[in-house]
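Novice: So in my numbering, spot 124 of the sequence shown is number 123, and the numbers just go up one at a time. Where is the CB? At the ideal position from N, CA and C, for every residue including glycine.
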Amino acid sequence: MNYKSTLLMPKTDFEMRGKLPTKEPAYVERWQNANMYEKVIKQNEGKEHFIFHDGPPYANGNMHVGHMLNKVIKDVICRYKNMEGFYTPYIPGWDTHGLPIENAIQKQGVDRKSMSTAKFREKCYAYALKQVERQMQQCIRVGTFADYKHPYLTLHKEFEARQIDVFAKMAVDGLIYKGLKPVYWSPSSESALAEAEVEYHDVKSPTIYVRFKVKDGKGILEGDDNYFVIWTTTPWTIPGNQAICLNPRFTYALVKSEKGNLVVLEELVDSLWETFGLKEKEILKRFKGEELEYITCTHPLYPERESLVIMGDHVTTDSGTGCVHTASGFGVDDFNICQKYKLPVLVNVDEHGCMMESCGEWLAGQYVDDANKTVTVKLEELGALLNLTWITHSYPHDWRTKKPIIFRATDQWFCSIDKIREKLLSEIDSVNWINEWGHIRIYNMIKDRGDWCISRQRTWGVPIPIFYCEDGTPVIDQKVFDHVSALFREFGSNVWFERDEKDLLPEGYTNEHSPNGIFKKEKDIMDVWFDSGSSHTGVLVERGLGYPADLYFEGSDQYRGWFNSSLIIGTAVHGKAPYKTVLSHGFTLDGKGLKMSKSGGNAVDPIKTINKWGADILRLWATTVDFQSDVRISDDILKKVSESYRKVRNTMRFLLGNLNDFKDTDVLPVNELEPVDQYMLAKLNDLMDAYHKSMDSYNFSEANKEILNYFTNTLSAFYMDFTKDILYIEKADSTRRRQVQTVLYHHAKTMMKLISPILVFTAEELHDHFHCDAKKEESVFLEAKPEKFEIENADALKEQFDLFMNLRTDVMKSLENLRAEKVINSNMEGKLTITLKDEYKSLAALEDSMKQLFIVAKVTLDDNAEGKDEYETCFIKAEKFHGVQCPRCWNWFEEDELVDGLCPRCHEVVETLPATEEE
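1) Which of the three DSSP states, helix, strand or coil, is assigned to R904?
2) Less than 7 Å between the C-beta atoms of W451 and C414, yes or no?
3) Can you round the beta-carbon distance between V308 and I229 to whole angstroms, since I take them to be within the 8 Å contact cut?
4) With DSSP as the reference, label W272 as helix, strand or coil.
5) For A843, does the count of other Cβ atoms within 10 angstroms reach 16, so buried, or fall short, so exposed?
6) Please give the ranges of any alpha helix (DSSP H) in the segment 736-803, keeping only runs that are unbroken, at least 4 residues long and fully inside the region.
7) Identify whether M310 lies in helix, strand or coil by the three-state DSSP scheme.
8) Could you give the C-beta distance for L179 and P238, rounded to a whole number, given that I count them as a contact under 8 Å?
9) In whole angstroms, what separates the C-alpha of E917 from that of C902?
10) On the CB-based measure, 16 or more other CB atoms within 10 Å of its CB, does S583 come out buried or exposed?
11) Identify which residue in Q738, S628, N610 and L667 has its Cα closest to the Cα of P20.
12) Out of I427, K377 and K168, which has the shortest C-alpha to C-alpha gap to V919?
13) Ordered along the chain, which non-local residues of its own chain (more than five positions away) have a Cβ less than 6 Å from that of G259?
14) Keeping to the same chain, check which residues put their C-beta closer than 7 Å to that of T722; ignore five residues upstream and five downstream.
15) Closest to N69 by C-alpha separation, out of D629, V268, E198 and R648, would be which residue?
16) Taking the alpha carbon of E521 as the reference point, which residue from S454, Q557, N563 and I757 has its own alpha carbon closest?
17) So which of E815, F803, V855 and W398 has the shortest CA-CA distance to M827?
18) Can you find the residues in the same chain that come closer than 6 Å, C-beta to C-beta, to T274, ignoring five residues on each side of it along the sequence?
19) Can at least three beta-carbon pairs, one atom from the segment 72-83 and one from the segment 742-757, be found at a separation below 8 Å?
20) Terminal residues of the continuous beta strand (DSSP E) containing N59?
21) Looking only at its chain, what residues have a beta carbon closer than 6 Å to the beta carbon of K830, apart from the 5 residues adjacent to it on each side?
22) Can you name, in chain order, every residue of its own chain whose Cβ lies under 7 Å from the Cβ of D771, other than the five neighbours on each side?
23) Thinking C-beta only, is M525 closer than 7 Å to V572?
24) Distance check for S700 and Q137, CA to CA, integer angstroms please.
25) How is F942 classed by DSSP in three states: helix, strand or coil?
26) Should the segment 531-545 be regarded as contacting the segment 502-521, the criterion being three or more beta carbon pairs within less than 8 Å?
27) Give me the Cβ distance between L264 and T316, rounded to the nearest whole Å; I'm assuming they're in contact under 8 Å.
28) Could you tell me if C199 is buried or exposed, where buried requires 16 or more neighbouring beta carbons within 10 angstroms of its beta carbon?
29) When DSSP labels each residue in this structure, what does F13 get in the three-state scheme?
30) Between which two residues does the alpha helix (DSSP H) containing Y36 stretch?
31) For L919, tell me which candidate among K284, S256 and G449 has the shortest Cα-Cα distance.
32) What is the C-beta distance between Y251 and L291, in whole angstroms, given that I count them as a contact (C-beta under 8 Å)?
33) For L68, does the three-state DSSP call read helix, strand or coil?
34) Taking the CB atoms as reference points, tell me whether P234 and A145 lie closer together than 7 Å.
35) Please name the residue in C123, Q411 and K148 whose C-alpha comes closest to that of M135.
36) Could you tell me which residues DSSP puts in a beta bridge with H584?
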């Protein structure tokens with residue numbers, strides 16, 4: 000007879016194959032149509048808030064895989080916090096101003112010069128909105144929940160108005176000022192840059208040593224053949240030389256040579272003479288640097304100009320000659336020391352990076368890189384060049400154009416760091432930095448950074464809301480700022496470029512510095528880091544979410560970027576850091592650990608990845624890697640991730656399949672379950688504890704590991720394995736089968752919720768195919784969070800079954816040996832005689848159930864260890880059971896135990912079935 004039809008095999012429509020790329024878009028559409036994000040958020044209204052503020056990605060181009068890592072982790076955090084009962088609204092943001100959009104517009108054929116600034120900005124505005132929409136759809140496709148109907152964009156009118164309010168507070172408090180200082184200047188962008196907009200790349204540069212002839216030795220250096228020797232890697236700055244800086248405490252030597260008497264650091268004489276290729280070397284005199292102060296030299300290129308010998312502590316012995324070429328217009332140290340000596344600021348390079356007419360016809364108009372060669376050749380012609388070599392060194396570049404930048408003194412607007420530095424450092428120490436190295440990094444950055452240049456000579460951005468009076472005095476007036484803020488809130492920042500000054504100022508405004516009532520508005524815009532750095536006010540304060548945020552989370556490059564600018568502005572305006580906790584992630588690399596690039600051909604397209612593997616696989620990857628460090632991604636890596644996913648899916652499919660005839664009304668109380676069932680719920684409690692501990696500390700890879708290990712080792716390899724003998728074989732409504740189904744029911748409901756922050760699509764699909772609950776919620780994300788089970792004597796129960804699991808390990812080893820020796824084909828044929836060691840004697844209480852728990856033919860416990868193999872927990876004699884196999888349950892029995900060819904249990908079940916089921 001065929002008994003297959005009498006078995007209760009699993010039944011479910013939940014497919015074994017995920018088919019994620021095909022199924023996921025339908026869930027995305029369903030959630031959007033159902034306003035699922037809003038429903039999830041509404042559930043926790045009035046409860047404790049968890050405010051996670053989104054750092055805005057730049058609105059240009061597609062989201063890359065690093066963005067997706069970022070967005071997935073953010074989504075997991077928000078979903079988990081919502082599941083835990085926190086009110087966690089999430090407002091996605093986009094950074095929508097800046098040069099890349101200006102460049103993109105012009106690449107589309109827009110002629111910037113053929114239209115007004117306001118009209119050009121309108122095109123930038125429209126372009127930015129299209130980029131935001133594209134990126135938003137990509138974020139939605141990867142399964143993120145956010146308030147996409149009300150995102151924040153830095154071009155929104157209310158955001159810009161708040162930014163003006165922030166600027167006003169800082170300006171009125173004296174933290175914003177205009178000054179002439181050397182700044183990072185990008186000739187390729189024709190604008191000043193902030194530190195966060197600078198990246199470093201190796202370049203090959205000329206290194207020249209130049210002699211400056213002494214003009215007036217002040218009685219210290221006598222004669223007509225004395226020279227100071229300087230060194231520089233930027234020959235183009237020599238025309239801007241105004242001084243030679245020495246360290247007052249260092250010892251310098253006047254050394255006779257065939258090139259004249261040269262002044263250099265005494266300790267460098269031998270190495271320099273070798274570099275110069277000089278033979279004659281006689282030290283004529285030694286001086287402390289301070290003795291040479293105010294000596295003058297003749298500029299080697301311009302004999303009518305002098306170069307003053309000055310003193311500075313920034314001069315070191317690391318490189319060069321100890322005599323530092325100083326040009327106030329092209330270096331911070333140079334500028335500061337020249338200010339001390341009241342030397343005027345000299346800038347002879349224009350905004351395009353070209354030498355100006357004041358440099359002379361032989362040099363004017365040349366780009367700085369070209370000027371390097373021209374200047375060097377000229378110095379050689381004049382006999383001033385002592386040596387030219389080439390070095391490879393790290394040099395600052397514009398992070399957008401990837402082209403070298405220069406230091407150049409210009410009139411710019413600055414945010415003073417000095418005035419609030421101590422407060423900033425104090426606030427840094429009050430923040431919870433999950434990446435401790437990040438704490439150290441941002442602390443040192445703030446400790447050492449200069450004032451922040453916040454003005455940009457561009458068009459597409461928030462204008463600096465300053466008017467100049469007739470005498471050039473900037474208007475710093477709260478009522479003027481308030482008026483501009485109100486205009487921006489109503490019309491947006493383009494009103495600044497659409498209206499004249501008189502229409503931007505409050506009606507009837509007067510100022511003593513403008514007796515004729517004439518004012519001129521500032522043309523510069525604010526650094527985009529000022530935009531995003533004020534987002535705590537433009538979003539959290541503007542929308543009533545409170546300040547500070549509970550969490551900021553971005554890439555590790557943001558310690559010098561968004562974390563930094565947000566800290567400065569937040570502390571300046573609100574007196575407190577804008578975040579309580581900061582977490583960061585690393586960069587995404589290819590499978591070999593190399594940086595991704597389009598030109599390198601190793602970039603991973605997240606959309607293609609989703610279309611191939613599914614968003615849930617990408618989400619599982621993002622939460623399986625150690626995201627706080629640099630992470631790798633490749634098809635091979637995703638294949639391994641998909642194997643882990645398949646284990647989760649198939650385990651959950653087993654649970655659903657074996658609950659096909661089970662309803663919530665069939666659930667039995669915990670105290671009516673068998674000890675092994677209660678043990679499984681106790682282990683599920685432990686899993687929930689470990690899961691919450693990991694998730695609360697943002698250690699998602701550990702949470703995934705806990706779940707996967709539980710699925711693999713505890714649930715699948717143990718409980719699901721032996722309970723097939725109950726689920727498939729027992730009568731449908733038997734108490735033992737309902738006990739096991741109760742355990743499976745609790746596991747299915749709990750696991751669906753535990754995986755739901757990460758495997759969002761799979762969790763929802765599982766919920767769709769979970770038919771046990773009469774009053775199931777619309778979505779898994781609206782179900783209550785799993786609660787732990789009340790289990791009497793749980794610790795004692797776990798202690799007993801933990802011992803049992805140790806015993807089971809040894810039993811499996813003994814059976815494996817039998818299979819290896821071809822004594823048995825499967826464990827079900829095994830016969831075990833076991834002598835328990837003293838610490839495991841308590842397991843004798845489980846003797847009657849051991850046959851089923853071990854899935855063997857027979858288990859006997861005795862006290863005679865003789866003739867048995869020793870293991871850690873016991874002594875075992877493993878052999879083949881010689882008997883008869885029940886054709887229905889496939890278990891082995893003594894022949895006289897069978898009834899009509901079936902084991903007693905199967906016979907009893909079959910007898911109760913209708914005749915049609917038996918045939």
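Specialist: Reading from the atomic positions:
1) helix
2) yes
3) Not really, about 11 Å apart at Cβ, beyond 8 Å.
4) helix
5) exposed
6) 759-767
7) strand
8) About 19 Å separates the two Cβ atoms, so there is no contact after all.
9) Per-residue confidence for E917 stands at a pLDDT of 42, beneath the threshold of 50, marking its modelled position as unreliable; no derived number is given.
10) buried
11) N610
12) Residue 919 lies beyond the residue range present for the chain, which begins at 0 and ends at 918; the question has no answer from this structure.
13) D224 and Y226
14) V739
15) D629
16) S454
17) V855
18) N386
19) yes
20) Per DSSP, N59 belongs to no beta strand (DSSP E) and is neither H nor E.
21) A856, K857, E878 and F880
22) Strictly speaking, residue 771 in this sequence is Cys, with Asp absent from that position. Hits under 7 Å: L658, F661, K662, D663 and Y744.
23) no
24) 24 Å
25) Residue 942 cannot be examined here, being either before or after the span of the chain that is shown, 0 to 918.
26) no
27) 6 Å
28) The sequence given here has Tyr at residue 199, not Cys. Exposed, because fewer than 16 other Cβ atoms sit within 10 Å of the Cβ of Y199.
29) coil
30) M35 to Q42
31) Given that the chain is displayed from residue 0 to residue 918, the structure contains no residue 919 and the question cannot be resolved.
32) 7 Å
33) helix
34) no
35) K148
36) G554
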